[in-house]
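Using the working numbering, the letters of the sequence shown map in sequence onto residues -18 to 301. Built from N, CA and C at the ideal position, the CB exists for glycine as well. Just so it is clear, the structure is predicted and the values come from calculations on it, not from any experiment.
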Amino acid sequence: MQRIGLLTSGGDAPGMNACIRAVVRKAIYHGLEVIGIKRGFSGFIEADMGPMNVSSVADIVQRGGTILHTARSDQFLTPEGRAKAYGNIKRFGIQGLVVIGGDGSFRGAISFNREHNLPIVGVPATIDNDIPGTDCTIGFDTAVNTAVEAINKIRDTATSHERAFIIEVMGRQSGFIALAAGLAGGAESILVPERPFKYEEICERLIRGFHRGKLHSIIVVAEGATGGMELASKIKAQTGIDTKVTILGHLQRGGSPSAADRILASRLGAKSVELLMEGATKMMVGINKGEVYHIDIEESLAGTKSVDLEMYNLANILSA
Ligand code: F6P
């Protein structure tokens, strides 16, 4: 292997830049050349790519977002789009590819690998932490810290006004961000898609808390569980309590990555290069009980990953 391609795809995640830096510098350390591909698979199709060197990744370890930019490419979902991308692979002499992204990006990469035999290593990066086969994805820790910071601030105003607040966090169909941020932020209730809930229970908890003299109530809700606005109107209808809603949205995807994310990104990025050098054809790197490891990317995607219900129960006990 002499020349590898590198792209970031799907929703950006804090730590992607630290990972790009690790891939580029580790590859160069081993004498490989790196082609950086812009805007995910779109740049592949449009031949928007070029060589990277040690200096192209200087001063980025601390930056959020991705210097390679990212996109979700509809064209790459078609065999025609992938064939076009393959033409560019040939043209640029790329012999292996590192894909930094989420499960959607990995699915695209797998189709490409099947059709055109290009060795691929996936590096899991998404704030959602919803990729099976790794304990943690790049960006999750920073997003949780961002959400906790927001909860802390909202708690100040909630206490001053003796109000109830709903904070809606991202996560698609998973509740990792909600559970971690809710537990760390001391939320009174946490709603996650993995655990069915009853509106009545949420309302009872809320009323019980105020009767017990609580000065505020914070409900953290994962976007995949229910919408924050919808929950607020249900609470209003059932209890008469006015509940303010804050939707954190895309701010959870930005910001300087936490130290934990930078370290994770550096370790996983470096491992992806080693795997390509060792002849891996379709692998995903990940973290398993603190150790960097790898797993067949298809095996990983066939798996499931769900929030820890013991942790969920603990959060409920602690916020009683
Ligand atoms: O997958 C990351 C994520 O931020 C999800 O949490 C969220 O549902 C989605 O992306 C938002 O996507 P978009 O940036 O396309 O609005």
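DSSP, reduced to helix, strand and coil, places residue 55 outside both helices and strands of the structure shown, so it counts as coil.
Short note on residue 123: C-beta not closer than 6 Å to any heavy atom of the ligand F6P. Residue 145 and residue 170 have their C-alpha atoms some 11 Å from each other. In the three-state reduction of the DSSP assignment, residue 19 falls in the coil class. At least one heavy atom of the ligand F6P lies less than 6 Å from the C-beta of residue 153.
Straight-line measurement puts the Cα of residue 33 at about 16 Å from the Cα of residue 42. Residue 90 places its beta carbon 7 Å or farther from that of residue 104. Membership of residue 99 in any beta strand (DSSP E) is not indicated, and neither H nor E is assigned to it by DSSP. With respect to the 7 Å criterion, residue 197 and residue 159 are not classified as neighbours on the basis of their beta carbons. Relative to the ligand F6P, residue -8 has its C-beta within less than 6 Å of a heavy atom.
Taking residue 251 as the centre and dropping the five residues before and after it, the same chain places the C-beta of 3 and 7 closer than 7 Å to its C-beta, in chain order.
Annotated three-state conformation of residue 224 is strand, per DSSP.
In terms of Cβ geometry, residue 52 and residue 88 do not form a close pair [threshold 7 Å].
Per DSSP, reduced to three states, the secondary structure at residue -14 is strand. Shortest gap from the CB of residue 109 to any heavy atom of the ligand F6P: under 6 Å. Counting only runs that start and end inside the region 153 to 182, the beta strand (DSSP E) elements of at least 3 residues fall at 170 to 172.
Between residue 248 and residue 273, the CB-CB gap stays under 7 Å. For residue 123, the closest C-alpha among the options 142, 151, 57 and 135 is that of 151. Residue 199 is bridged by DSSP to 146.
Residue range 290 to 299 is occupied by the alpha helix (DSSP H) that includes residue 291. A distance of 7 Å or more separates the beta carbons of residue 211 and residue 149.
Non-local beta-carbon contacts of residue -6 in its own chain, meaning distances under 6 Å to residues more than five positions away in sequence, involve 106, 107, 108, 119 and 120 in chain order.
Only exposed fits residue 36, as fewer than 16 other CB atoms lie within 10 angstroms of its CB. Within its own chain, the residues whose Cβ lies closer than 8 Å to the Cβ of residue 11, once the five positions on either side in sequence are excluded, are 254 and 258, listed in chain order.
DSSP, reduced to helix, strand and coil, places residue 74 outside both helices and strands of the structure shown, so it counts as coil.
If one requires a minimum length of 3 residues, the beta strand (DSSP E) runs lying completely within the region 220 to 292 are 224 to 228, 263 to 269 and 272 to 277, in chain order. Distance from residue 275 to residue 266 at the Cβ level is roughly 5 Å; contact confirmed, criterion being Cβ atoms closer than 8 Å.
Non-local C-beta neighbours of residue 184 in its own chain, meaning closer than 7 Å and more than five positions away in sequence, comprise 216, 219 and 220, ordered along the chain. Excluding the 5 residues flanking it on each side, residue 74 has same chain C-beta neighbours closer than 7 Å at -16, in chain order.
Note that the C-beta distance between residue 135 and residue 200 is not below 7 Å. Taking a 10 Å sphere around the C-beta of residue 49, we find 16 or more other C-beta atoms and assign the residue as buried. Between residue 127 and residue 46, the gap from beta carbon to beta carbon reaches 7 Å or more. C-alpha of residue 15 to C-alpha of residue 9: approximately 8 Å in a straight line. In the DSSP assignment, residue 106 forms a beta bridge with 119. Here residue -2 is buried, its C-beta having at least 16 other C-beta atoms within 10 Å.
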